[in-house]
Amino acid sequence: MNPMPYRRSYRRHAPAFERLGLKVQGLAEAEQHGGLQRFVRSSNFSIDALGDGGPLVANVARFPALTFAHIALPDVRITWPRDRGSTHRALLLIAASGTFSVDTEGGVLRRGSGLVLIRPGEERVSISMSEPQNDLVYIGFGAELLADVALPSWASYDGPALDWTLIAPFYAYVRTLCTTQTPQSPVVSPLASVSRILLREMIGVITRDAAVPPSLVDAAREVIRAEFSDPGVTVARIAMRLGVAPRTLQAAFAAEGATVSGELRRARVTAARTAKRTNPRMTAREIAATSGFGSVSAMSRAFRDADAQEAHDDERSLVP
């Protein structure tokens, strides 16, 4: 079943605040539990394995585009395939007991083995916990909450574990929020604003000492240098990697008299020229493929544009 139509329908009819509490034992019962399956489908998750050593107990609090959950469960493996309806979503996972194993080619920030921030992106994510008893909070939110956060530009960042005293107040808030008896509401709950503020503060604590380049433009250039050979890398994808809106990234480059697309094209042209010079037996198709161009014609256009720009720059340099 394609989950996209279901999630669109859910978002259209979802209340401004809702709460879910559930308890299931084992994978077979989890697959038959209506409330759990609605949550899983609306979040674009699949539970691939769930141990029988204890129950899965979950309390969930949901606002529009913002989900909090406190979960106690045995060993588990979950997949987040991420389609176009969830590429803008991020996850924050914090374990009071148990450790996370996250397998993805996308952006992940880890602080020890019990705290993981999975950044927005297109890459499939697999999350597992192997301990017989685990206690964690889960927060799913949109990329806009990372817009002003200085994040490492490379795919993975592994930092030291944070002192639990820095995490405990937020953890306690999420647990309380998820068991609140506030009734389901069709209007925006004031809890939503408070929860967003506290989440942003927690993200700030997590990322405060992460090694980051000195500017957004430098961060984008690092991403381009690392990923230009992938034809799927676009301005929007680079911005998503950095947790900012495309227009924010474009404005940062414009302030330096440059463009994101121009920087990306320059990296690909340089790589293609180097490949052509050092590997004369390579075909044009092979050079295009290894340099990040989607086709030979796209590479040819980029060569012409680069030649024209260089000729223009040469002419300007001759003006007294």
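Counted the way this note's numbering counts, the sequence shown spans residues 33 to 352. Note that CB positions come from ideal geometry on N, CA and C, so glycine has one too. All of these numbers come straight from a predicted model, not from anything done at the bench.
Cβ-Cβ distance between residue i and residue j below 8 Å
i: residue 88; j: residue 128; result: no
i: residue 161; j: residue 197; result: no
i: residue 143; j: residue 238; result: yes
i: residue 223; j: residue 194; result: no
i: residue 56; j: residue 112; result: no
i: residue 99; j: residue 118; result: no
i: residue 334; j: residue 309; result: no
i: residue 326; j: residue 278; result: no
Proximity winner among the options, relative to residue i (alpha-carbon distances)
i: residue 134; options: 149, 317 and 48; result: 149
i: residue 152; options: 178, 143 and 83; result: 178
i: residue 258; options: 282, 231, 197 and 188; result: 188
i: residue 70; options: 51, 315, 57 and 235; result: 51
i: residue 252; options: 72, 299 and 341; result: 299
i: residue 254; options: 295, 280 and 230; result: 295
i: residue 165; options: 280, 83, 190 and 155; result: 83
i: residue 271; options: 263, 262 and 281; result: 281
i: residue 175; options: 146, 192, 228 and 209; result: 228
i: residue 354; options: 331, 265, 329 and 283; result: The shown model of the chain, from 33 to 352, leaves out residue 354, and the question about it has no answer.
i: residue 260; options: 204, 86, 292 and 234; result: 292
i: residue 240; options: 309, 123 and 141; result: 141
i: residue 16; options: 283, 171, 163 and 230; result: For residue 16 there is no data in the structure shown, the boundaries of the chain being 33 and 352.
i: residue 247; options: 212, 276, 54 and 138; result: 276
i: residue 125; options: 278, 86, 173 and 115; result: 173
i: residue 115; options: 209, 332, 73 and 289; result: 73
i: residue 211; options: 93, 231 and 256; result: 93
i: residue 249; options: 191, 183, 59 and 226; result: 183
i: residue 269; options: 138, 67 and 340; result: 138
i: residue 331; options: 317, 340 and 341; result: 317
i: residue 273; options: 180, 62 and 286; result: 180
i: residue 201; options: 234, 213 and 67; result: 234
i: residue 213; options: 91, 314 and 67; result: 91
i: residue 209; options: 267, 163, 102 and 311; result: 102
i: residue 204; options: 53, 49 and 230; result: 230
i: residue 49; options: 287, 97 and 288; result: 97
i: residue 67; options: 232, 53, 312 and 337; result: 53
DSSP-derived helix/strand/coil call for residue i
i: residue 183; result: coil
i: residue 339; result: helix
i: residue 156; result: coil
i: residue 288; result: coil
i: residue 240; result: coil
i: residue 347; result: Low confidence applies to residue 347: its pLDDT is 48, below 50, so where it sits in the model is not reliable enough to give any reading.
i: residue 53; result: strand
i: residue 86; result: coil
i: residue 95; result: strand
i: residue 108; result: strand
i: residue 39; result: Unreliable placement is indicated for residue 39, whose pLDDT of 46 sits below 50; the coordinate value is still reported in the next sentence. In the structure shown, residue 39 sits in a helix (DSSP, three-state: H, G or I).
i: residue 118; result: coil
i: residue 33; result: Only weak support exists for where residue 33 lies, its pLDDT of 47 falling under 50; the value from the coordinates is given anyway. Looking at residue 33 - three-state DSSP - the assignment turns out to be coil, as it is neither helix nor strand.
i: residue 269; result: helix
i: residue 78; result: strand
Host alpha helix (DSSP H) of residue i (start-end)
i: residue 114; result: Segment: none, residue 114 is in no alpha helix (DSSP H) and carries neither H nor E.
i: residue 253; result: 248-259
i: residue 207; result: 196-211
i: residue 276; result: Per DSSP, residue 276 belongs to no alpha helix (DSSP H) and is neither H nor E.
Endpoints, the beta strand (DSSP E) within which residue i is located
i: residue 318; result: No beta strand (DSSP E) contains residue 318, which is instead part of the alpha helix (DSSP H) from 316-323.
i: residue 59; result: Note, residue 59: premise wrong, no beta strand (DSSP E); alpha helix (DSSP H) at 58-64.
i: residue 99; result: 98-105
i: residue 434; result: Residue 434 falls outside the range modelled here, since the chain spans only 33 to 352, and no answer is possible.
i: residue 169; result: 166-174
i: residue 149; result: 147-150
i: residue 134; result: 133-135
i: residue 142; result: 140-143
i: residue 188; result: 188-191
Heavy atom of the ligand ZN within 7 Å of residue i beta-carbon
i: residue 274; result: The ligand ZN is not among the ligands present in this structure, which contains no ligands whatsoever.
The stretch 104-113 in contact with the stretch 75-91 per 3-pair CB rule at 8 Å: yes
At least 3 beta-carbon pairs within less than 8 Å: the stretch 317-326 vs the stretch 301-308: yes
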